[in-house]
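Trainee: Per my numbering, the sequence shown starts with residue 46, numbered consecutively.
Ideal placement from N, C-alpha and C gives every residue a C-beta, glycine not left out.
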Amino acid sequence: MPSVTTTEQLTEKLATAHLSILADRMDAGTLRGVADGQVPARIFALPHATSGTLNVWDDARTAAREFWERASDDGRVSDDVRSCCAANAKALVN
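#1: Go ahead and pull the three-state DSSP assignment for residue 107.
#2: Would you kindly work out how many angstroms separate the C-alpha atoms of residue 87 and residue 130, rounded to a whole number?
#3: Look up residue 94 in the DSSP assignment and say whether it is helix, strand or coil.
#4: On the CB-based measure, 16 or more other CB atoms within 10 Å of its CB, does residue 90 come out buried or exposed?
#5: Could you check what DSSP says for residue 99 in three-state terms: helix, strand or coil?
#6: With DSSP collapsed to three states, give me the class of residue 87.
#7: Rounded to the nearest angstrom, how far is the Cβ of residue 137 from that of residue 113, given a contact under 8 Å?
#8: Would you mind reading off the limits of the alpha helix (DSSP H) that contains residue 126?
Given below as structure tokens:
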């Protein structure tokens with residue numbers, strides 16, 4: 046019998062995956078800032094479902110959209126970052 050993944054577990058897995066990807070990109074230098082300390086804007090590449098992810102795709106998309114929506118409302122980050130987060134959340138709407 047396949048295991049059931051709760052939304053909380055899925056959100057935790059998604060956050061862990063994002064942190065892992067960020068760590069890899071930092072190691073590769075792709076998140077390196079420019080001389081003034083700014084990090085260049087990156088275009089959000091919407092991932093595609095695969096046969097191995099179809100069973101959790103809707104939950105993962107919902108968790109990702111919730112993450113971007115929360116970030117877009119977070120007053121601790123700049124207007125530019127909130128705008129970028131809002132655009133990412135909008136890209137994940139069905």
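Mentor: On the basis of the supplied data:
#1: helix
#2: 11 Å
#3: coil
#4: Answer is exposed; the Cβ neighbour count stays below 16.
#5: helix
#6: coil
#7: 7 Å
#8: 124-136
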